[in-house]
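Each residue of the sequence shown is one higher than the last, beginning at 77 in the numbering used here. C-beta: ideal position from N, C-alpha, C; glycine also.
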Amino acid sequence: MIDGRLFLLITTLICVGAFLNGLRFATKSENPWAGKKLFGNNVGGSELSIAQIRRIGLLQMIAAPIFLLLFAALCFGLFGPVDGIQTIRF
C-alpha cells in the first residue's frame with residue numbers, strides 16, 4: 077500500500093514532464109525525426125507533418141493537467157477508497 081502523498085508526488089512529476097514534453101512539441105518548427113535512422117530503418121514519426129507534431133504536443137499539454145486532477149481526486153478519496161492507496165486526510 078502506497079501513501080497518497082507519495083503517489084500524488086510521483087504522478088505530479090510525471091504530469092509536469094508530460095506537459096513540458098508537450099510544450100516542446102507544440103513549439104517545434106520542423107520534424108525532429110525527419111531523415112534520422114535507427115538500425116538502418118527510418119525512425120517512426122519521420123513522415124509526420126509539423127501540424128501533426130504540434131497537435132500531439134497540444135494534446136499532451138491538455139491531457140497532463142486533466143490526469144493530474146484525476147489522480148489528485150483518487151489520492152484524496154473523492155471517488156471512495158482505492159485499493160492500494162492510502163487516502164490523504166487533513
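Measuring only from the beta carbon, is residue i closer than 7 Å to any heavy atom that is part of the ligand HEM?
i, result
"Thr163", "With respect to the ligand HEM, the structure shown offers nothing to examine, as it has no ligands at all."
Considering only the alpha carbon of each residue, which of the options lies closest to residue i?
i, options, result
"Ile129", "Arg100, Lys112, Gly153", "Arg100"
"Pro108", "Phe83, Ile126, Phe115, Cys91", "Ile126"
"Arg131", "Ile161, Ala102, Arg81", "Ala102"
"Glu106", "Glu123, Asn118, Asn117", "Glu123"
"Leu141", "Pro157, Thr87, Phe115", "The identity of residue 141 in the sequence shown is Pro, whereas the question assumes Leu. Here the closest residue by C-alpha is Thr87."
Going by the CB atoms, is the gap between residue j and residue i shorter than 8 Å?
i, j, result
"Arg166", "Met137", "The amino acid at residue 166 is misidentified as Arg; the sequence shows Phe. Not a contact, by the Cβ cut-off of 8 Å."
"Ile164", "Gly111", "no"
"Cys91", "Leu144", "yes"
"Cys151", "Leu89", "no"
"Gly98", "Leu134", "yes"
Name the DSSP bridge partner or partners of residue i?
i, result
"Asn118", "Lys113"
"Asp79", "Gln162"
By DSSP, does residue i sit in helix, in strand, or in coil?
i, result
"Phe155", "coil"
"Pro108", "coil"
"Thr88", "helix"
"Leu144", "helix"
"Leu73", "Absent from the model: residue 73. The displayed extent of the chain is 77 to 166, so no value can be given."
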